[in-house]
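> Would you mind keeping the following structure in view while I ask a few things?
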Amino acid sequence: MATHFQGRFEVEFKYRLADRAAFLAALGRLNPEVMLEDNQERDCYFDTPERTLASQDKSLLIRIMQPSGIRLWIVKGPGPDRCEAVNISDTDKAISMLHSLGYQQMLTIDKRRSIYFLGPFHLTLDHLAGIGDFAELAIMTDDESALPAYRQQLLALATELDLHDEQRETRSYRTLYEQQGSLK
């Protein structure tokens with residue numbers, strides 16, 4: 108399991124689901140390994156008051172997962188392929204450290220997530236209240252030269268799962284929530 112989430116780079120394709128049950132049926136036909144199902148995740152995003160990280164296309168977040176008990180420090184960016192995560196044991200201390208450095212919690216995103224493995228790939232099935240259901244197909248690696256080949260393999264996997272280009276969502280969950288807030 109741990110090897111699925113190691114690396115400095117991530118290739119990820121996100122698809123908006125109109126029919127969660129149909130996606131689960133298609134996934135089931137491929138006999139995935141189940142890491143966890145219906146875990147509750149809370150992503151706490153941090154930035155400076157001036158939003159310095161966001162202006163540099165970077166995200167810094169602390170993720171708390173229940174009931175799995177997994178707690179992560181995650182940095183994404185710059186750019187879509189850069190992503191690193193590390194397990195942490197004390198989220199309260201990590202958050203206190205971020206506050207000491209001048210970071211503020213800018214956004215909290217709660218989601219229900221299931222994680223599956225198909226060979227080297229990990230797939231997540233997410234539900235975000237008020238936003239919808241999504242499938243993410245991804246792989247992490249330290250080998251930047253492998254990214255183009257992984258993109259092609261993930262697109263082929265999407266076809267096997269009956270996911271189509273018009274379902275692709277290129278915006279991050281953070282962006283979706285921020286845009287939803289600006290529409291209210």
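If you want the numbering used here, it's the 1-based position in the sequence shown plus 107. No residue lacks a Cβ here, since even glycine has one placed at the ideal position from N, Cα and C. Values in this document were obtained by computation on a predicted structure and should not be read as measured data.
1. Which residue or residues does DSSP assign as beta-bridge partners of A192?
2. Quick check on D272: does DSSP put it in helix, strand or coil?
3. Taking C-alpha atoms, which residue in F153, T277, S221, C151 lies nearest to D188?
4. Rounded to a whole number of angstroms, what is the C-alpha to C-alpha distance between A236 and I222?
5. Identify, in the order they occur along the chain, each residue of the same chain with its Cβ nearer than 6 Å to the Cβ of G114, setting aside the five sequence neighbours on each side.
6. So what does L168 bridge to, in DSSP terms?
7. Given this structure, state the Cα-to-Cα distance separating Y280 from V118, to the nearest angstrom.
8. Tell me whether G226 sits in a helix, a strand or coil according to DSSP, three-state version.
9. If you draw a straight line from the alpha carbon of G156 to that of I238, how long is it in whole angstroms?
Based on what the coordinates show:
1. I181
2. helix
3. T277
4. 18 Å
5. M247, T248, D249
6. Y152, I181
7. 16 Å
8. coil
9. Gly is not the amino acid found at residue 156; the sequence shown has Pro there. Cα-Cα distance, rounded: 26 Å.
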